[in-house]
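Numbering (the working numbering), first residue to last: -12 to 190.
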């Protein structure tokens, strides 16, 4: 059986990636694909428990990174690799690039340490396609403020933090042109939908 496809969604909080993540999963199903829609941190019972801690509890930046990768290892073993082996498409709201952007760019953790963790936890696994939803921090912050839900520990960070995260995402895009596509998240949802249709058609 042919291996499935793996698509990850990335971007700063408020960029709108989660809405498009749900849309693309539904779109792929209309095209006849079996789709596993998941998220990080999370995606498994253990991962969701770790997510609750990560989004609420203050912790050392290295503890944060290690818990992110622990949740990711479980997610890969229990969800992603089995789905790809079945020939399913996996559409994931955040993956390893988020660790480089948030813990590396935002928190200032050494990229070398993150690369070592990534090599250990992921092995040779990488998304076939990563979609980075890019928007100015001011726009993303405005969208977050319009959300009535209580902001989590990351969403409460200051603008300077998100500027560093955004810069890290753009660095990732520059260094991985074959895998990463940057989406202008200030477009209308319908225009973004059309852009995603065209990009996914290439897979």
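For each residue, glycine too, the CB sits at the ideal point set by N, CA and C. Since we're looking at a predicted model, the values are computed, not measured.
Between residue 88 and residue 152, the C-beta gap is smaller than 7 Å, which places the two residues in contact. In terms of Cβ geometry, residue 8 and residue -7 do not form a close pair [threshold 7 Å].
In this structure, residue 169 keeps its C-beta atom at 7 Å or more from the C-beta atom of residue 139. Sequence-distant partners of residue 35 (beyond 5 residues in either direction) whose C-beta falls short of 6 Å from its own C-beta, in its chain, are 29. Between the segment 13 to 26 and the segment 69 to 87, the count of Cβ pairs shorter than 8 Å is three or higher; the stretches touch. Contact between the segment 103 to 120 and the segment 51 to 59 is established, with three or more Cβ pairs separated by less than 8 Å.
The alpha-carbon of residue 187 is positioned some 28 Å away from that of residue 131.
Between residue 141 and residue 0 a beta carbon distance of about 6 Å is seen, short of the 8 Å cut, so the two are scored as contacting. CA-to-CA, the gap between residue 2 and residue 65 works out to about 28 Å.
Bounds of the beta strand (DSSP E) holding residue 24 are 22 to 26.
Counting other Cβ atoms within 10 Å of its Cβ, residue 75 reaches 16 or more and is therefore classed as buried.
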